[in-house]
Amino acid sequence: MITGSSLVTLFLFAVGVIVIIKSIRVVSQQHALVVERWGRFHGVLEPGLNFVVPFVDRIAYRHDLREVPLDVPSQICITRDNTQLQVDGILYFQVTDPRLASYGSSNYVVAITQLAQTTLRSVIGRMELDRTFEERDHINATVVQALDQAAASWGVKVLRYEIKDLTPPKEILHAMQAQITAEREKRAVIATSEGRQQEQINLAAGSRAAAIAQSEGVKQADINHAQGEAAAILAIAEANATAIRQVAEAINLAGGMNAVNFKVAEQYIAAFANLARTNNTLIVPTNIADLAGLVTTATTILKTQAR
């Protein structure tokens, strides 16, 4: 049978267990809990085991301290040259101060999103359409800088902003495509003309080199031919000189003059005989009967020339 004292003991035991459970708070890594005591900020519970006063302390806010990606809704921006441009991006931020994140703004996510959109419109409004595609890094850095300055009072650190899409109107897209096509065709024509120019230069250089090589070959051939003719003439002259020298030496020997006289007479008679065979007209000397006289006459002429 359960008595009244037993019920009181059980009640106190249950209350004690509830108090113990309420006083223990386990915080996960990269998370933070903001505690209020009697409606005022009391402290931030760090990751691990923490103790609070039951029924006095209240967990008012819970924050995730990890990096958070935030999709910024698509919006229409007007460039400096009055062109509509649809832009959407993604923002990465991180809660660095749980207290400021709890009390600095009623909703820091909405505040960051709105500020990112307004800053993006302002940045793109100062640029022309072509520059928006070329300076995406500059746009991202400008948005991050503006957001980071404002979000510091919200306990939030803006890490980076990335533009996902820049979509101009269809008419602008067609015009840009036509411009790109024309630019590529221009580059192709220039490349073709430069190739032809280089081809003509190479052909001219090759023809010039071939002409020079051919002229060098002709020049060397003429030099070789002239040197050969000169060597032949020199050899013939040296041979004639040697022959004449030997004849002169033979004449000065004993009986040399008689041999010369005989040779001259023999050649005279042979020449006369050939003349008689090759011509229709017969030349007959007055003293043909006296052949010895012919030989004597030739010998006399040779002696006269030798003197």
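Numbering follows numbering that gives the first Met the number 0, with no gaps: position 130 of the sequence shown is 129.
All residues carry an ideal CB built from backbone N, CA and C; glycine is no exception.
Rounding to the nearest angstrom, what Cα-Cα distance links residue i and residue j in this structure?
{"i": "GLN176", "j": "GLU184", "result": "12 Å"}
{"i": "SER214", "j": "THR180", "result": "51 Å"}
{"i": "GLN197", "j": "LEU84", "result": "45 Å"}
{"i": "ALA305", "j": "LEU252", "result": "Its pLDDT being 49, under 50, ALA305 is placed unreliably in this model, and the value from its coordinates should be taken loosely. So the two alpha carbons sit approximately 15 Å from each other."}
{"i": "GLN113", "j": "ASN106", "result": "11 Å"}
{"i": "ASP80", "j": "LEU64", "result": "42 Å"}
{"i": "VAL217", "j": "ALA234", "result": "25 Å"}
{"i": "GLU193", "j": "GLN74", "result": "46 Å"}
{"i": "SER4", "j": "PHE10", "result": "10 Å"}
{"i": "SER152", "j": "SER121", "result": "22 Å"}
From this set, the options, which residue's C-alpha is nearest residue i's C-alpha?
{"i": "LEU44", "options": "PHE54, TYR60, GLY38, TRP153", "result": "TYR60"}
{"i": "TYR160", "options": "VAL188, ARG195, LEU119, ARG130", "result": "LEU119"}
{"i": "VAL94", "options": "GLU66, ALA203, GLN148", "result": "GLU66"}
{"i": "HIS30", "options": "HIS62, SER152, ALA242", "result": "HIS62"}
{"i": "PRO53", "options": "ASN81, GLN28, GLY15, ALA151", "result": "GLY15"}
{"i": "LEU48", "options": "ILE58, ALA203, VAL26, THR191", "result": "VAL26"}
{"i": "VAL142", "options": "LEU128, LEU90, HIS173, SER192", "result": "LEU90"}
With 16 as the cutoff for other CB atoms within 10 Å, does residue i come out buried or exposed?
{"i": "GLY307", "result": "It is not possible to answer for residue 307, since the shown part of the chain is limited to 0 through 306."}
{"i": "GLN245", "result": "exposed"}
{"i": "SER101", "result": "buried"}
{"i": "VAL7", "result": "exposed"}
From what residue to what residue does the beta strand (DSSP E) around residue i run?
{"i": "LEU44", "result": "39-44"}
{"i": "VAL71", "result": "67-77"}
{"i": "ARG57", "result": "56-63"}
{"i": "THR139", "result": "Note that residue 139 is Asn in the sequence shown here, rather than Thr. Here ASN139 belongs to no beta strand (DSSP E); instead the alpha helix (DSSP H) covers 135-150."}
{"i": "LEU84", "result": "83-94"}
{"i": "GLY47", "result": "47-50"}
Rounded C-beta distance between residue i and residue j? I'm assuming under 8 Å.
{"i": "ILE111", "j": "LEU69", "result": "7 Å"}
{"i": "VAL33", "j": "PRO97", "result": "5 Å"}
{"i": "GLY103", "j": "GLY154", "result": "6 Å"}
{"i": "LYS156", "j": "PHE92", "result": "6 Å"}
{"i": "THR166", "j": "LEU128", "result": "Not really, about 12 Å apart at Cβ, beyond 8 Å."}
{"i": "ARG39", "j": "VAL55", "result": "With 8 Å as the limit, ARG39 and VAL55 do not qualify as a contact, their Cβ atoms being about 11 Å apart."}
Could you check where the alpha helix (DSSP H) with residue i kicks off and where it finishes?
{"i": "THR166", "result": "First-last for THR166: 155-166, but that is the beta strand (DSSP E), not the alpha helix (DSSP H)."}
I want to check one thing, is the minimum distance from the CB of residue i to the heavy atoms of the ligand ZN below 6 Å?
{"i": "VAL108", "result": "You won't find the ligand ZN in this model; it holds no ligand whatsoever."}
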